[in-house]
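Participant:
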Amino acid sequence: MAGDEVDYLIVGSGVAGALIAERIRERRAGSVLMLEAGGKIEMRNERRWLDALMSGRLPYTIGQDQVDEFTSTGPDPWNINGGRLIGRGGSTIHWGGWCPRFQPEDFELFSRVGKDLDWPFGYRDIEPWYCEAEIALQVSGDSNARTHPWRSRPYPFEAAPFTQPDGVVIKAMNDLSISYDHMPIARNAKPIHGMPACQTIGTCQYCPIGARYTADQTLDRIGSDEFRLQLHAPARRILMDKKSHASGVEYVNQQSGETHTAYGRKIIICAGTFETPKLLLASANVDWPAGIGNQTDHVGRHLIANPYLSVRGAIDRNSNRWQQELNFATLCSRHWDNPATQGTGKLFLNKADNSPFLNLARLMAQGATTAEIEAAARDRTTFELQGAMQMFSHRENRILLGSGTTRFGLPKTHIEVPIKAYDDANAAQWLGQMRCILEAAGFAVQASSVYPQRSDHAMCTTRMSRSPTDGVVDPDLRVHDIDNLYIVSNAVFPSGAAANPTLTLAALALRFAQHC
Amino acid sequence: MPDRWIASEAFLLERRRVLQIFGILAAGAIIPEAVAGANDSIEFALQPLSDASIRNPELAGELPPPAVDRLWRIFEHIGGHWSNAADVAMDRQRFARILALKVSEFPSYLTEYNDASDLFSRLEAQLGDSAQALRVLFTPPSFTTPDFPSTPLGHAQTYVVTEFINLQIANGGFRHFGYVNCPGWIGGPFAGVAELPYREWK
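Line order of the protein sequences matches chains A and B. Plus 433 on top of the position in the first sequence (first one is 1) and you've got our numbering. Plus 30 on top of the position in the second sequence (first one is 1) and you've got our numbering.
What follows is the structure, given as structure tokens:
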């Protein structure tokens, strides 16, 4: 088997891998080979967009986990179907694009409340990289927001103004003295990177013009000069030529069925919170009998995500015909995302981007008359508030190799969560606050619940630590005691936050790419 | 919301009217004497097919112009039936281009579109005029037998009528109901504009 030999071998083509590869090529630092288990998904394609619009058929669901590709045990098993995406561009292909920064105190969790680990650097250190990440991800936001963390540079794009339905919730928040802000979101308000400005088309699940950032856009820009992306190439194991040095990655060409070895001077694993620890565990050898980087048994452990809360309320009359006319979130609140709530689990609150919404076409297809639809537009409607809750890690909650392989040639996933993902009392408290807002807005609360835990926002399974005793990678994202093996993923977060993690991952990737 | 409408009195009246066209009732229902036997007239539309999924999705090609004409008439009927034609930004040329995209690559709608066109023609011939044929095509299927989706009429309603309604609403039909923006409508940018493409909270 002939091997490929490159300066940088990257596993995974999601946002982290794409940004790193782009920066490496921008500074002409060497050749790059990227391995991606999934295939190419057609983006910005008019036919695929018409299918999404006319039939609801999205072109990327094939890249999402199927129910027979994972197992989960514990009192509250995870259902990761639909939560992540395997393919060119990774999970950004289907993401919502919410881009809040972590708060400064999120980097000091252990020092402040004695939980998880502190990050080995603080908000002040990563802040310039947040600015860079916001440009890379074409983020619109309010640079004067009151509850978002301080910033040294304005957002690249201004925030979309609040919608009328936002105003209903804002009025209630004002009455209750609850602070709120614009949701920072990966939608470019003006052309950037060759992509046109957002045209508020409202099919954000599949943007026909690329105004919602997806990592395939970054990959498209890199070109083919000393960069090659090998699709349908699941990495099976990391190869070591001595205990402290990785030589390459063994992968399968899914289309030919052949096994190949790619050799790299530096090997960078950007395979996400699930596949990264699985690859380390699958690479066990004589020197690393429990898996590479697993000498202190942290690989795969400390799994967390963001439990997702929902409260729905209804009003009997919608005289103003409130309708969510943008298909992305514009209103959020970090009122309970602060040091005071850090000890029990913060809340990042937003108004749902899909309510209130009267589906006119569905009513028509069901035979409603014009008069009936006009009446329905002023009739009962529902609003939804959603909240992402901070979770604390437990060593016992972990990712393991499952039995067999997936459609992508990757090992199946076993998610072992013997300790419940969230604290019931804390969730109940936040659901209560969310109910108060809707009731103050005049709604009758209809439902209040926590969504089943998916894989979105999963973090911490190869966490960063100063010492090998506490984690898997060092502050430079190098696997402890291995000279040339790096991990850039949500998996390296030492702790989580209430805010969505992708912008923080992008900032980490850009910081890493500067010196790798 | 939709379930409530289905259960509404108005809808039940509509159901009775349609049953009189179809001459059929759900299994076990009592068939009124006045409509019994009338189902023979459109039996071809309710013959079982192999399944409800897109037929021959790998068969790409071009739609014959008469089929495009008939499908355009179906699309236009939406605006007439719901009185929102004046709000729709879709002309025949653009519509034909969309159809061409839908039949030229996988999953191709070529068979579905040709069959829906043929069904429309047969219904016209059988029922005497296009108004009656369109009435059948636009009658909601929810009350019929569980096998309805895998009939010629079920296919036409799923892959043509319902999808055309989605297209029509996204291309401006929504404006008739007082909204400013809707998924699928190219509203325009949200920054640096005098007027936002959606209703703003101030």
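Where a beta carbon is used, it is the ideal one built from N, C-alpha and C, also for glycine.
My understanding is that proline 582/A touches arginine 545/A, with C-beta atoms under 8 Å, so please give their C-beta distance in whole angstroms.
Facilitator: Rounded, the Cβ-Cβ distance is 15 Å, inconsistent with contact.
Participant: Do you know how far the Cα of alanine 161/B is from the Cα of isoleucine 61/B?
Facilitator: Note on isoleucine 61/B: pLDDT 30, under 50, position unreliable in the model; no value is reported.
Participant: Measuring alpha carbon to alpha carbon, tell me which of His890/A, Cys949/A, Phe876/A, Asp575/A ends up nearest valine 602/A.
Facilitator: Here the closest residue by C-alpha is Phe876/A.
Participant: Output the boundary residues of the beta strand (DSSP E) element that contains threonine 935/A.
Facilitator: Counting along the chain, threonine 935/A falls outside any beta strand (DSSP E), though it belongs to the alpha helix (DSSP H) covering 935 to 948.
Participant: Could you tell me which chain A residues have their CB closer than 9 Å to the CB of tyrosine 209/B, listed as they occur along the chain?
Facilitator: Under the 9 Å cutoff, chain A gives Arg754, Gln756, Glu758, Leu791, Leu793, Ala810.
Participant: Alpha carbon to alpha carbon, how far is alanine 810/A from arginine 670/A?
Facilitator: Approximately 56 Å, taken between the alpha carbons.
Participant: So, for proline 772/A: in the same chain, excluding its five sequence neighbours on each side, which residues have a beta-carbon less than 7 Å away from its beta-carbon?
Facilitator: For proline 772/A, where only same-chain residues beyond five positions count, the Cβ hits under 7 Å are Glu538, Arg545.
Participant: On the DSSP bridge assignment, give the partners of isoleucine 443/A in chain order.
Facilitator: Per DSSP, Met467/A, Ile701/A.
Participant: What residues are listed by DSSP as bridge partners for arginine 911/A?
Facilitator: In the DSSP output, where bridge partners are listed per residue, arginine 911/A has Tyr919/A.
Participant: Going by beta carbon distance, what residues of the same chain come within less than 6 Å of threonine 777/A, once the five residues before and after it are set aside?
Facilitator: Only Asn859 meet the Cβ criterion.
Participant: Contact between the segment 449 to 462 of chain A and the segment 648 to 658 of chain A is defined here as three or more beta-carbon pairs at a separation below 8 Å; is this criterion met?
Facilitator: Yes, the segment 449 to 462 of chain A is in contact with the segment 648 to 658 of chain A.
Participant: Is the separation between the beta-carbon of methionine 120/B and that of asparagine 201/B shorter than 8 Å?
Facilitator: Against a cut-off of 8 Å, the Cβ pair of asparagine 201/B and methionine 120/B comes out as a contact.
Participant: Just to confirm the assignment, what range does the alpha helix (DSSP H) spanning isoleucine 263/B have?
Facilitator: The requested residue 263/B is not part of the displayed model; chain B covers only 31 to 232.
Participant: Closer than 8 Å, Cβ to any Cβ of chain A: which residues of the segment 213 to 225 of chain B, in chain order?
Facilitator: Answer in chain order: Pro213, Gly214, Trp215, Ile216, Gly217, Gly218, Pro219, Phe220, Ala221, Gly222.
Participant: Does any CB atom of chain A fall closer than 8 Å to the CB of isoleucine 54/B?
Facilitator: Reliability of the predicted coordinates at isoleucine 54/B is poor, the pLDDT of 38 falling under 50, and no value is obtained from them.
Participant: Three or more beta-carbon pairs under 8 Å between the segment 592 to 600 of chain A and the segment 471 to 491 of chain A, yes or no?
Facilitator: These segments do not touch.
Participant: If you measure between the beta carbons of threonine 706/A and alanine 940/A, is that distance less than 8 Å?
Facilitator: For threonine 706/A and alanine 940/A, no; Cβs fall outside 8 Å.
Participant: Taking 8 Å as the threshold, find out whether the segment 890 to 910 of chain A comes into contact with the segment 754 to 771 of chain A through three or more Cβ pairs.
Facilitator: No: fewer than three Cβ pairs fall under 8 Å.
Participant: Helix or strand or just coil, what does DSSP make of isoleucine 806/A?
Facilitator: Three-state DSSP puts isoleucine 806/A in a helix.
Participant: Does chain A have any CB closer than 8 Å to the CB of glutamate 92/B?
Facilitator: No, its Cβ sits nowhere closer than 8 Å to a Cβ of chain A.
Participant: Can you tell which of Ile625/A, Arg620/A, Ile870/A has its C-alpha closest to the C-alpha of isoleucine 634/A?
Facilitator: When only C-alpha atoms are compared, the closest one is Arg620/A.
Participant: How far does the beta strand (DSSP E) with lysine 845/A in it extend, from its first residue to its last?
Facilitator: Counting along the chain, the beta strand (DSSP E) containing lysine 845/A begins and ends at 844 to 849.
Participant: Just checking my contact of isoleucine 469/A with glutamine 663/A at CB under 8 Å: how many whole Å lie between their CB atoms?
Facilitator: Note that residue 469/A corresponds to glutamate in the displayed sequence, not to isoleucine. Contact holds; Cβ gap of about 7 Å.
Participant: Using CA atoms only, rank isn't needed, just tell me which of Ala821/A, Glu475/A, Thr815/A, Thr636/A is closest to glutamine 650/A.
Facilitator: Residue Glu475/A is the option with its Cα nearest to glutamine 650/A.
Participant: Which of helix, strand or coil does DSSP assign to lysine 711/A?
Facilitator: Lysine 711/A falls in the helix class under three-state DSSP.
Participant: Chain B partners of aspartate 914/A, CB-CB under 9 Å?
Facilitator: Result: empty, since nearest Cβ-Cβ is about 49 Å, beyond 9 Å.
Participant: Can you tell me the Cβ-Cβ gap for glycine 214/B and leucine 140/B, rounded? I've got them flagged as a contact below 8 Å.
Facilitator: Rounded, the Cβ-Cβ distance is 23 Å, inconsistent with contact.
Participant: Quick check on the DSSP output: what are the complete alpha helix (DSSP H) runs of length 4 or more inside the segment 762 to 845 of chain A, in order along the chain?
Facilitator: Runs found: 793 to 798, 803 to 810.
Participant: Is there contact here, the segment 671 to 679 of chain A with the segment 831 to 842 of chain A, by at least three beta-carbon pairs under 8 Å?
Facilitator: Contact between the segment 671 to 679 of chain A and the segment 831 to 842 of chain A is absent, because fewer than three Cβ pairs lie under 8 Å.
Participant: For the segment 465 to 495 of chain A, which residues have a CB atom closer than 7 Å to at least one CB atom of chain B, in sequence order?
Facilitator: Per Cβ criterion, the list reads Glu479, Arg480, Leu483, Leu486, Met487, Ser488.
Participant: Using the rule of at least 16 other Cβ atoms within 10 Å of the residue's Cβ for burial, across every protein chain shown, is serine 610/A buried or exposed?
Facilitator: It is exposed - the Cβ of serine 610/A has fewer than 16 other Cβ atoms within 10 Å.
Participant: Strictly under 8 Å for the Cβ-Cβ distance: is alanine 186/B near chain A by that measure?
Facilitator: No, because no Cβ of chain A sits closer than 8 Å to the Cβ of alanine 186/B.
Participant: Which chain A residues are close to threonine 141/B, counting only those with a beta carbon under 7 Å from its beta carbon?
Facilitator: By Cβ distance, chain A contributes nothing, its closest Cβ being about 15 Å from threonine 141/B, past 7 Å.
Participant: Can you name the start and end residues of the alpha helix (DSSP H) that leucine 542/A belongs to?
Facilitator: Note, leucine 542/A: alpha helix (DSSP H), 542 to 546.
Participant: Under 8 Å between the Cβ atoms of alanine 717/A and glycine 724/A?
Facilitator: Yes.
Participant: In chain B, what lies closer than 9 Å to alanine 605/A by C-beta?
Facilitator: Within 9 Å Cβ-Cβ: nothing; alanine 605/A doesn't reach chain B, min ~13 Å.
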